[in-house]
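My numbering puts the first residue of the sequence shown at 61, with every later residue one more than the last. Below: the structure, in structure tokens.
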Amino acid sequence: MNPEQVSWCREALLQKGFSWKQVRPMILDHFDTPYRKFLLMVEVGSMCQGTYESNREYSNRFQKMRREAVCRAISDILSLWFSLT
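Printed below as a string of structure tokens:
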């Protein structure tokens, strides 16, 4: 990491007592690239509900991926709808 990245990590993350669940989105938001977000959007668009996965579990998994991909609202709704059918 370059000095600017090290400085950000020290200020934003170190000795704050965050869990990995809390830190992961912060790191992705700070260091993520548009290409990775595009790949996540593609993954969200191709998601399907598992055979034994409840609607709630699938919706939670879908929303988590959607937040990481930063999709637009309409495309989110359509993606969720079509993946359920």
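Glycine included, C-beta positions come from ideal geometry on N, C-alpha and C. Since we're looking at a predicted model, the values are computed, not measured.
- Pairing Ser139 with Asn115, the inter-Cα distance amounts to about 14 Å.
- Across the structure, Ser119 and Glu64 are spaced so that their CA atoms are roughly 37 Å apart.
- For Val130 against Lys97, the beta-carbon gap comes to about 6 Å, under 8 Å, which counts as contact.
- By the C-beta density criterion, Met61 is exposed, having fewer than 16 other C-beta atoms within 10 angstroms.
- Across the structure, Gln82 and Phe142 are spaced so that their CA atoms are roughly 30 Å apart.
- Between Met125 and Val104 the beta-carbon gap is near 5 Å, inside 8 Å, which marks them as a contact.
- With a cutoff of 8 Å on beta-carbon distance, Leu100 and Glu117 are scored as not near each other.
- Considering only Arg121, Thr111, Leu73, the residue with the shortest C-alpha distance to Ile87 is Leu73.
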